[in-house]
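Reading through the structure tokens given below for one structure.
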Ligand SMILES: NC(=O)c1ccc[n+]([C@@H]2O[C@H](COP(=O)([O-])OP(=O)(O)OC[C@H]3O[C@@H](n4cnc5c(N)ncnc54)[C@H](OP(=O)(O)O)[C@@H]3O)[C@@H](O)[C@H]2O)c1
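Protein chains in written order, with this note's numbering: chain A, 1 to 156; chain B, 1 to 331.
Spelled out as structure tokens, the structure:
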């Protein structure tokens, strides 16, 4: 599991190495470090890390260890891989039906309706879906489209 | 090798033409290669010493050839002595596979190799016919049934022998691709694009065969059974046609860098439906072109693009004939 771990380090030599120790100890694999030093120094440097931990528990322990050694935690949250999906719906689309319950995991990034020349409306949705739920979400959309007699066009 | 041809329509005639044109190459493989009989729906011609191909390529109807046996049937021709190979090119019938199914059964039972471009018998009785061929030690080849000239069966069988095919998807019907391409490039309505396709003579008599995805679904059945070890029937393909595709849908898709194409897919789902194809995807081909995209464990992705109907189909029939000729020489 990937996490965004942002910590505040005192602007003194050797601080970063000290902070990385508990991460390694708890099985974390550091994917990236962004370390921005401002001039003139404010005495504190925010450091953003992306860390891959075997589980949430490892993150928790790391946070405890860091706090105990006096490092302040600014942010610690899971990074969720998402996929962008475009779908087009053709028919008498009741958008609420498509966005109910199961779709909670889905963010609608954009939508566009075209002025219909026939009685079928046409709606394009840009969705952001957590990668692991793509199939579930597509199955759900297919089911509703079928029940509502709407044509669902999805990417290959 | 003694060959009979059943069906002397577009494909039957083009096959005779191609055989005539390539006869010197064929004779190098088999000096004894002869076409000994040809039949259409009303009769047949037969000569055990071989028909005259030069005459054959110049006639319009089979009955224009001398000694046309009126009232004779293709089945009689199959029963003639020493037939080695039958090229079967009768009309497609996906309800019961006839008349081709009876002809192919009969030929295989007699140990005659079969090359066909007719989907009907394979959609209706794939397992039965392939088993029958094996039992009688003969080959049943049907490259021309799916996507015309695209050598998809040969490619997978000869060149991907160590691969496991994970997914096949493709544009398997040129008529719907023509219609959707017209809508994409010219913003025409479905109805108008269909009318144009009909005027150009590229639709089946019953447009439903193309636009409701029936033709594409038949091809999916053959591909799935032949190349992905499935045992499916026409009813197992979930099918959605393109009648409901509106100009608005096409233009919304286009703005998002997609083209709408009628796609057949075999993976966890087996379906034919209009889908959004990214315009930079190799499957995104236009006009009457067909395309087949294969995903396998070792090779990754391979795409074939070309013509799925018309005289190009004869390339597939010829390759099947050559395959059988060469295999016979080996044994
Ligand atoms: N045309 C293409 O581009 C293409 C491409 C790929 C696959 N195919 C497939 O190839 C097959 C042949 O297509 P085609 O375009 O050549 O069709 P076609 O022009 O309609 O020719 C069909 C031929 O079959 C004959 N026939 C019908 N019933 C028969 C029977 N009971 N016994 C013997 N002969 C019979 C017809 O005889 P009559 O002349 O007496 O009517 C005709 O000669 C079809 O299954 C088609 O789907 C065609």
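We treat Cβ as the ideally placed atom computed from N, Cα and C, and that holds for glycine.
**Given 8 Å, three or more beta-carbon pairs between the stretch 226-244 of chain B and the stretch 271-279 of chain B** = Contact holds: three or more Cβ-Cβ distances are below 8 Å.
**Message:** Is any non-hydrogen atom of ligand 1 found closer than 7 Å to the C-beta of residue 287(B), if you look at the structure I gave you?
**Reply:** Not under cutoff, so the answer is no.
**Item:** Pairwise C-alpha distance: residue 126(B) and residue 106(B)
**Value:** Taking the Cα positions, residue 106(B) is about 15 Å away from residue 126(B).
**Nearest-angstrom Cα separation, counted from residue 227(B) out to residue 154(B)** = If I take the Cα positions, the gap works out to 10 Å.
**Asked** DSSP puts residue 58(B) in a beta bridge; with which residues?
**Response** According to DSSP, which records beta bridges pairwise, residue 58(B) is partnered with nothing at all.
**Prompt:** residue 253(B) versus chain A: which residues are under 9 Å apart at the beta carbon?
**Reply:** One finds 86, 88, 124 and 153 in chain A with Cβ atoms closer than 9 Å to the Cβ of residue 253(B), taken in chain order.
**Message:** Tell me the residue span of the beta strand (DSSP E) that contains residue 192(B).
**Reply:** Annotation for residue 192(B): no beta strand (DSSP E) segment contains it, though the alpha helix (DSSP H) segment containing it runs 190-199.
**Message:** Does residue 167(B) come out as helix, strand or coil in the three-state DSSP assignment?
**Reply:** Residue 167(B) falls in the strand class under three-state DSSP.
**Message:** Below 8 Å on the Cβ atoms is my contact criterion, and I expect residue 90(A) with residue 65(A) to pass it. Report the Cβ-Cβ distance as a whole number of Å.
**Reply:** So it is not a contact: roughly 55 Å between Cβ atoms.
**Asked** Which bits of chain B does residue 120(A) rub up against, with CB to CB less than 9 Å?
**Response** Near residue 120(A) (Cβ distances below 9 Å), the residues of chain B are 244, 246, 248 and 249.
**Message:** Given a cut-off of 8 Å on the beta-carbon distance, is the pair residue 153(A) and residue 260(B) in contact?
**Reply:** In this structure, residue 260(B) lies closer than 8 Å to residue 153(A) by Cβ.
**Message:** Helix, strand or coil, according to DSSP, for residue 82(B) in the structure here?
**Reply:** Residue state, collapsed to three classes: coil.
**Asked** Whose C-beta lies closer than 7 Å to the C-beta of residue 114(A) among residues of the same chain, with five residues either side of it excluded?
**Response** 122.
**Message:** Quick check on this structure: which residue in 188(B), 150(B) and 181(B) has the alpha carbon closest to the alpha carbon of residue 310(B)?
**Reply:** The option with the nearest alpha carbon to residue 310(B) is 150(B).
**Residue-chain proximity (residue 21(A), chain B), Cβ-Cβ < 8 Å** = With 8 Å as the cut-off, residue 21(A) does not count as an interface residue toward chain B.
**Request:** Just mark residue 118(B) as buried or exposed, buried being the case when its beta carbon has 16 or more other beta carbons within 10 Å.
**Result:** Buried.
**Message:** Which same chain residues end up closer than 6 Å to residue 183(B) when comparing Cβ atoms and leaving out the 5 residues on each side of it in sequence?
**Reply:** If we look at residue 183(B) and ignore the five residues flanking it on each side, its Cβ neighbours are 193 and 250.
**Request:** Check the Cβ of residue 69(A) against every Cβ in chain B and list those closer than 9 Å, keeping chain order.
**Result:** What residue 69(A) touches in chain B: nothing, since even the nearest Cβ is about 48 Å away.
**Request:** Return the chain-ordered list of same chain residues with a C-beta closer than 6 Å to the C-beta of residue 71(A), the five sequence neighbours on each side being excluded.
**Result:** So the qualifying residues of the chain are 7 and 19.
**Three-pair Cβ contact test at 8 Å for the stretch 84-101 of chain B versus the stretch 120-137 of chain B** = These segments touch.
**Item:** Residues that DSSP places opposite residue 293(B) in a beta bridge
**Value:** Partner(s): 169(B) and 303(B).
**Request:** Could you spell out where the alpha helix (DSSP H) holding residue 18(A) opens and where it closes?
**Result:** Unbroken alpha helix (DSSP H) run through residue 18(A): 15-25.
**Chain-ordered neighbours of residue 112(A) on chain B, where CB pairs are closer than 9 Å** = The contacting residues are 252, 255 and 256.
**Item:** Contacts of residue 30(A) in chain B (Cβ-Cβ under 7 Å)
**Value:** Under a criterion of Cβ atoms nearer than 7 Å, no residue of chain B is adjacent to residue 30(A); the nearest Cβ is some 31 Å distant.
**Request:** Could you spell out where the beta strand (DSSP E) holding residue 68(B) opens and where it closes?
**Result:** No beta strand (DSSP E) contains residue 68(B), which DSSP labels as neither H nor E.
**Asked** Closest by CA to residue 43(A), which one among 103(A), 67(A) and 13(A)?
**Response** When each option's Cα is compared against that of residue 43(A), the closest is 13(A).
**Request:** Quick one: which residues of the stretch 52-65 of chain A get their C-beta closer than 7 Å to a C-beta of chain B? List them in chain order.
**Result:** Residues of the stretch 52-65 of chain A that bring their beta carbon within less than 7 Å of a beta carbon in chain B are absent altogether.
**Prompt:** So the beta strand (DSSP E) residue 44(B) belongs to, where does it begin and stop?
**Reply:** Residue 44(B) -> beta strand (DSSP E) spans 43-46.
**Asked** residue 145(B) by DSSP, collapsed to three states: which one?
**Response** Note: residue 145(B) maps to helix in three-state DSSP.
**Item:** Contacts that residue 156(A) makes with chain E (C-beta to C-beta distance below 9 Å)
**Value:** No chain E is part of this structure, whose protein chains are labelled A and B.
**Asked** How about the stretch 11-19 of chain B and the stretch 298-314 of chain B: do they share at least three Cβ pairs that are nearer than 8 Å?
**Response** As far as the Cβ criterion goes, the stretch 11-19 of chain B touches the stretch 298-314 of chain B, which means the pair count is three or higher.
**Asked** Quick one: does the C-beta of residue 40(B) sit closer than 7 Å to a heavy atom of ligand 1?
**Response** Checking the 7 Å criterion, the Cβ of residue 40(B) is within range of a heavy atom belonging to ligand 1.
**Message:** Quick check: is any heavy atom of ligand 1 less than 7 Å from the C-beta of residue 234(B)?
**Reply:** Not one heavy atom of ligand 1 sits closer than 7 Å to the Cβ of residue 234(B).
**Message:** Am I right that residue 27(A) and residue 53(A) are in contact with their C-beta atoms under 8 Å? What's the rounded C-beta distance?
**Reply:** Their Cβ separation, rounded to whole angstroms, is 6 Å, which keeps residue 27(A) and residue 53(A) in contact under 8 Å.
**Item:** Check: residue 37(B) C-beta below 7 Å from any heavy atom of ligand 1
**Value:** Here the distance from the Cβ of residue 37(B) to the nearest heavy atom of ligand 1 is not below 7 Å.
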